[in-house]
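To start, the structure itself, in structure tokens.
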Amino acid sequence: MRRVCVLGLGYIGLPTAAMLAVHGFQVTGVDTDERVLEAVGARQFHTQEPGLAELVARALESGNLQTAPRPQPADAFVIAVPTPCAHGPQPAAALPRADLSYVAAATESIVPVLQGGNLVVLESTVPPGTTEGLLAAILARSGLPVTGDGAGVMLAHCPERVLPGRILDELVRNDRIIGGIDRPSAERARELYASFARGAILLTDATTAELVKLMENTYRDVNIALANEFALVAERVGVDIWEAIELANRHPRVSVLKPGPGVGGHCIAVDPWFIAQVAPEATPLIQTARRVNDRMPGHVVGMVKEAVAGVPTPVVACLGLAYKANVDDLRESPALEVVRQLRAEGMQVRTFDPLAGPVPGLESAHCRSLAEAVAGADCAVILTDHRELEALQPEALAAMRHRIVVDTRNALRGPEWQRPGSGRIALGAGRARAFSESGHCHPEQVLRALQRGERRPAKGPGYT
Ligand code: SAJ
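Just so you know, we're using this note's numbering here: the sequence shown kicks off at 95 and counts up by one.
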């Protein structure tokens, strides 16, 4: 195996293509979007993934990485195109489903150049059965048998597992699961990945590999939903969820994840539906978890509304738009939904993110600095725990009209934010009403507040 064609130069395809190139393969990186090809040629990347620019530059300079708008004949083809979730024109009751059109189109595009003995690897995340069903059927149009025996086309699924923000490191270190449509296909795919992967490479069948990938992300989604549900309960019963989680996690077999404004990114918020679509009746827990997480932006908006109640036209600064800390990626970010809902409530929204760009379509609301975003604002909402936002000091908010900070990520943990009058309201922190300003617990007061169904003391804006 010398020549490899990587289809899709996105978050996974580009680092994989560059990695293979610096490990001696002749790689053609294919993308149907001309702008992507131009950007790679000009070394301008769509993400600030650490180390990526350097790796791609090395790959291009070695002469081993070239780009092309369509596949060239090769020994192996790696498909790394998006599989978004389709909410399209379907009955309201229908579950979201995987949109496999990009996978199908990429697979079709290699049919004309396929030769006997070629290996095709699917990296994109897909519903169970896609490799053995859809992919095998498309590849068979080449007239070649899809089998690892003899001169057929070998086919395997090797799901990517890397964490955005640590992609290059995890590409090398993580264990890989390779599911072949038969053993020879899996063995051949192992040869390709063994060139750069230092973790274990574990072989199985294609459908198992597909389900394993989906299980990993669904496991995380369900556990985040549990943390979010705990946070809502904590608000009701006057407990600080962040403290409670820390204490629960001292149990040797418990590891509660973090609550937040919802789940974003291109995988965890999407993949559970790919399981649900193949077994809707068998997946009530998975579907409920998805809905619990999808409801969190609405909960955050409720907190903001409560905090600025009485302010005629509230100005809200949304700080942190990326779907998680220290990345510049806006895909499926719950922050976008929070912004959308705040605007729908008639609030004037400004946005700021130290890494990510503006909310698409809302460029005019985007501020170049935190100071610009908060000046004259009535409420600041921390939606992403970027390092820069975790370092925020109360003085940086001196120019706000009302200093109210809704902290959805427990980003502001310093003592300066725990003091009465700091203006911080944390998601999941019902503790606010359990303590008086002197810091002493007043159970009667808590009980009375609970009986009244209050979430915080009626002391004007801001928890103390
Ligand atoms: N989140 C929480 N609470 C937590 C952890 C995460 O609310 O305790 C939120 C984050 O803020 C973010 C979302 O969940 O909005 C997802 O973030 P993440 O860091 O958990 O995961 P991703 O989407 O960046 O990457 C995941 C990884 N999967 C797992 O950890 C099981 C990665 O290994 C996969 O390769 C990637 O999905 C993918 O491409 O499938």
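Cβ atoms here follow ideal geometry from the backbone N, Cα and C, with glycine treated the same way.
Taking one beta carbon from each stretch, the region 152 to 163 and the region 325 to 340 have fewer than 3 pairs nearer than 8 Å; the two do not touch.
Straight across, the Cα-Cα distance linking Asp299 with Ala328 is about 44 Å.
About 31 Å separates the Cβ atoms of Asp269 and Leu238, ruling out a contact at the 8 Å cut-off. The alpha carbon of Ala115 has as its nearest neighbour, out of Phe290, Pro222, Ala465, the alpha carbon of Phe290.
Linking Pro488 to Glu254 through their CA atoms gives a straight-line distance of about 41 Å.
Straight-line measurement puts the Cα of Asp169 at about 59 Å from the Cα of Ala471.
Secondary structure note for Arg444: its beta strand (DSSP E) is the uninterrupted segment 442 to 446.
Secondary structure at Thr298: strand, using DSSP grouped into helix, strand and coil. At least one heavy atom of the ligand SAJ falls within 7 Å of the beta-carbon of Pro258.
Counted as a single uninterrupted DSSP element, the alpha helix (DSSP H) harbouring Gln435 occupies residues 428 to 438. In the displayed model, Ile498 falls within coil according to three-state DSSP, outside both helix and strand. In this structure, Leu308 and Thr219 form a Cβ contact; the two beta carbons are roughly 7 Å apart against a cut-off of 8 Å.
In the structure shown, Arg513 adopts coil according to DSSP, grouped into three states. About 13 Å separates the beta carbons of Glu431 and Gly359, which is beyond the 8 Å limit, so they are not a contact pair. Proximity of the beta carbon of Ala338 to the ligand SAJ is not indicated: no heavy atom of the ligand is located closer than 7 Å. With the rule of 3 Cβ pairs closer than 8 Å, the region 111 to 125 counts as touching the region 159 to 175. If you check the C-beta of Glu482 against the ligand SAJ, you find no heavy atom less than 7 Å away. When the beta-carbon positions are compared, Leu228 and Leu194 come within less than 8 Å of each other. Within 7 Å of the C-beta of Thr219 there is at least one heavy atom belonging to the ligand SAJ. Rounded to the nearest whole angstrom, the CA to CA distance from Glu310 to Val443 is 36 Å.
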